[in-house]
Each structure stands twice: as C-alpha cells, then as structure tokens.
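This report refers to the structure that appears directly beneath it.
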Amino acid sequence: MSRIFPRAVSTVAVAALAAGAFSVSMTQPTGASDEKVIEIAIDLPFSGTAGNTVTSMAEAFELAVKEADDAGLPGGFHLEAVRFDHGHPGLSFDANVAGQNARDNVADPQIISVFGTFNSTAAKVEIPILNAAGIAMVSASNTNAGLTKGSSAERLRVAQPDANNYFRVCGTDDLQGPAGAQLIEQFNLKTVYIVDNSDTYGKSLADLFEVSFISAGGKVLGHDETTLAQRDYTTVVTHIKNAHPDAVYFGSTGVELGTLRKQMAEAGIGDIPYFGGDAMNEEVFPKIAGPAAHNSYFTVMTPNGLQLTTPQAKHFTKAFEHTYHSEPLPYDAGSYAAGQVEVAAIREALETNDTHRPTREQVRANIAATHDMPSAIGSITFNRVGDIRDPYVSYYTFNETSKKMFLKQFVYHTE
117 MSRIFPRAVS
127 TVAVAALAAG
137 AFSVSMTQPT
147 GASDEKVIEI
157 AIDLPFSGTA
167 GNTVTSMAEA
177 FELAVKEADD
187 AGLPGGFHLE
197 AVRFDHGHPG
207 LSFDANVAGQ
217 NARDNVADPQ
227 IISVFGTFNS
237 TAAKVEIPIL
247 NAAGIAMVSA
257 SNTNAGLTKG
267 SSAERLRVAQ
277 PDANNYFRVC
287 GTDDLQGPAG
297 AQLIEQFNLK
307 TVYIVDNSDT
317 YGKSLADLFE
327 VSFISAGGKV
337 LGHDETTLAQ
347 RDYTTVVTHI
357 KNAHPDAVYF
367 GSTGVELGTL
377 RKQMAEAGIG
387 DIPYFGGDAM
397 NEEVFPKIAG
407 PAAHNSYFTV
417 MTPNGLQLTT
427 PQAKHFTKAF
437 EHTYHSEPLP
447 YDAGSYAAGQ
457 VEVAAIREAL
467 ETNDTHRPTR
477 EQVRANIAAT
487 HDMPSAIGSI
497 TFNRVGDIRD
507 PYVSYYTFNE
517 TSKKMFLKQF
527 VYHTE
C-alpha cells in the first residue's frame, strides 16, 4: 500500500470565507470514532515526474473536503481525504502500484470514493477494479476518450456494466486533438511532424490530432512512434530535421516532451514551433527543455480558474491562495470541483439515509446523477458515460524565460 499523509496546511471554513474572514487550523485527524469517519482516497503519482502539479491538485481537492467538514455534515460525520501514491521516480507513474492502490481502497471499508487518477493509463488499470466493487472515481485530468467511450470503455466495466463508476470534470482527447490542430492553424502553419510515445494517452492524442490537422487541410510530413520513457531521440530528431516541418506535435508525457525539445535544440532545430497536450503542463517539461521551452504550446482540457469570474471560482481562488500561499495551477480548479461533486454526493446520501452511514453504491449513484451542480468550474452535469457536459479547453505557451503563460480558453457545449 502506498498510503501517505498530506502535508499540514491551513484551512478555512465556508462561513468564514463568505464573510471575508479566515480562520486557520492545521490538517489533523478529527478525533471522531471510526464509525463516524468517511474517507475519500486521493490516488495520484506524488513521487512521479508530475511533482508539484499533482501535489497542488491534491491540495485543491483537500480544500473542498476540509471546507465541507468544517461546515458540518449530517449525523455528526466527518470527512477525511487520504493520499495514496502510485508515482515512480523518473517516470510519470507506476501502473502496478496504481492497481494495488485500487485493491487497497476496495479492501478498506472507510473509503467511500476516490479522486484520481492523473494519467489515463493508470485510470485504465484502476477503473475495472473499482467498478467491480462499485466505488466511484472522479478525475480532473484523465483525457483519453476510450476511458468512457466506445468498446474500450465497455471492456473496463464488465463486472458492473450498468453501474458506471468513473467520472471526470475535464474534457477528452477527441476534443483535445482537434483543439491542438486549431491552435496550429491559427499560426498559419501548414506542415507538421508528429511523434507519439505509444502510450494510451500519447498515441490516442497524436492520432486524433493528425486526423483533425489533415481534415483542416494541413500536411503531415511524418509520424514516428517512440516508447514510453524513451530518452534518446536521435533518430526522431534526424527525421524532423530532414523533413523541414512548420511545426512538431508530440503526444507524450512531460519528461519525454522536454527531452525531445532539448535534443531538437541541440541539433539546431529548437526554433521550430513545438506543440503538445496537457502533459506539457507538468513542471518537469521546462526544467528539462530549458530555454528551448520557448515557442512551445499546449492544450489543457480544463479551465484556468484564475480566468473565471463566477462567485464559486472567485471563492476557490481566494481560499486556495490564502491556504497555500500560491496561485492555483491549471488543474486545481477542476480538482476542487471534483471534491465538490464527491462531497455533495456523500451529503445527499447522508440526508437520504436519515444520517446513517452511506454506502459506496449510494455515493456512486448520486455522482452519476449530478445535474447542473454549481462548482468552481461552472455548472456540472455528467452524461450517461460519466463525461462532463460542457468541458473547457485552455491554451498555454512558454515565454522567452521558459515561464508558462496563459493564452485563452473556451467551452465546448456538448450533449
């Protein structure tokens, strides 16, 4: 089991926030008896290369849970968020550990639902295990379309096919691929060289981007498939250099994105515009790419909370900045919203049960029924397969000092 304790953080009560006053306490056990404690697992790759990105996501989720606990739950119940780590030093995640974490969560009767995972491949491992046990999982970052759509999604839910247990508050790669193509088109770039890392996330994203780019009239000069955790891109760089593309698109994780970009620069082609998906958001990308991160662009399938002006969004930003003394990162508003969804489902189950402990199935069913729920990222409704109805896409780039810069965002209105 990779169960870890969150760092101590200051917290704020909802009532105090609404009044503009902040009371500060430290994360600690509630002291309540086990029968009055309801746990939500946070299953993210804390020790992997995503680093601060997933830590910040966990903090945003924990903030939503702590606010709800401070405000009080029916029947005197208390909520606790418990971190589980499926990271791996030097890699994004460890799929075997993710699977074991899911089994551990199933075996622990205190855990009623899960927040995670960060990577789509890890979700692919965990969904069947949690589906068999009827435990809901909500993600703020998984974008692979096959987790919810088509025959690949059906194969993940063979134990309980009619009881969907997986939900996400972010958009999917069948939207992200076209969004990346649209971004390249806006720069009037007509040719592209595509690379993917053969992973669930990377290959699907690159393939969807390729279809969209060609459909829009662009020309693909080559498409290389690499391996997960590849570190030598000499052959790929040579192919790119010989092809003379207007741009390069790489579907991969942050380490690999940074490594290829760095090696492109070393080969004298670091001035070619470089595009990728939301994995480029990981802080490891500019660390590895260094100055070559400049002129790189990426999409994230969730809104930048700092750009939202609703009361819920403003509350989240104010609370997060006060609690953690830093601005929220791109996935944080969505992570907080995921916490709001799970807390609301638990609260509703407690009220329905006349304040008796809810079951995992009640919480799962309540999450599935989420409809027009106000949140930090707007109104949340899940469709039949667990996807959010109106997902966002946001665009970012890196400036001359390799600092991440927000460009713009918009919402997709889907059924």
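Convert by adding 116 to the 1-based position in the sequence shown; the result is the number in our numbering. Backbone N, C-alpha and C fix where the C-beta goes; we use that ideal spot for every residue, glycine too. All values reported here derive from a predicted model rather than from experimental measurement.
Can you tell me the Cβ-Cβ gap for F283 and Y452, rounded? I've got them flagged as a contact below 8 angstroms.
15 angstroms between Cβ atoms; not a contact.
Can at least three beta-carbon pairs, one atom from the segment 200-212 and one from the segment 457-477, be found at a separation below 8 angstroms?
No: the two stretches stay apart, fewer than three of their Cβ pairs being nearer than 8 angstroms.
Assuming L160 and A174 make a contact with CB atoms under 8 angstroms, what is their CB distance in whole Å?
The pair is a contact, with the Cβ atoms about 6 angstroms apart (cut-off 8 angstroms).
Report buried or exposed for A187, applying the criterion of at least 16 other Cβ atoms within 10 angstroms of its Cβ.
Counting Cβ neighbours within 10 Å, A187 comes out exposed, since fewer than 16 surround it.
In its own chain, which residues sit with a C-beta less than 6 angstroms from the C-beta of A408, not counting the 5 before and 5 after it?
Within the same chain, A408 has close Cβ partners R377, K378, A381, G386.
According to DSSP, is Q525 part of a helix, a strand, or is it coil?
Reduced to three states, the DSSP call for Q525 is strand.
For G374, I'd like the list of residues in its chain whose CB is within less than 8 angstroms of its CB, leaving aside the five on either flank, ordered along the chain.
Counting only Cβ-Cβ distances below 8 angstroms, and skipping sequence neighbours, we find V400, F401, P402, K403, I404, A405, A409.
For F303, does the count of other Cβ atoms within 10 angstroms reach 16, so buried, or fall short, so exposed?
The residue is exposed, with fewer than 16 neighbouring Cβ atoms inside 10 Å.
Going by DSSP, what residues sit across from M489 in a beta bridge?
Answer by DSSP bridge pairing, in chain order: I496.
State the Cα-Cα distance for the pair L523 and N217, rounded to the nearest angstrom.
Each residue's Cα considered, the two are about 37 angstroms apart.
Among T307, T165, S314, which has the Cα closest to the Cα of G334?
Among T307, T165, S314, the Cα nearest to that of G334 is on T307.
In angstroms, rounded to a whole number, what distance separates the CA positions of P294 and Y512?
Whole-angstrom Cα-Cα distance: 16 angstroms.
What does DSSP give as the partner residue(s) for F335 in the beta ladder?
Note that residue 335 is Lys in the sequence shown here, rather than Phe. In the DSSP output, where bridge partners are listed per residue, K335 has T307.
With a Cβ-Cβ cutoff of 8 angstroms, do P389 and N420 count as a contact?
No, they are not a contact pair.
Leaving aside the five residues before and after I493 along the sequence, list all residues of the same chain whose C-beta is less than 6 angstroms from its C-beta, in chain order.
Closer than 6 angstroms at Cβ, skipping near neighbours: P419, A449, G450, A453.
Go to T354, then tell me how far its alpha helix (DSSP H) extends in each direction, as first and last residue.
T354 -> alpha helix (DSSP H) spans 350-359.
In the DSSP output, which residue or residues are listed as bridge partners for L195?
In DSSP, L195 forms a bridge with I154.
Can you give me the Cβ contacts of A465 inside the same chain, cut-off strictly under 7 angstroms, excluding the 5 residues immediately before and after it?
The residues are P474, Q478, V479, N482.
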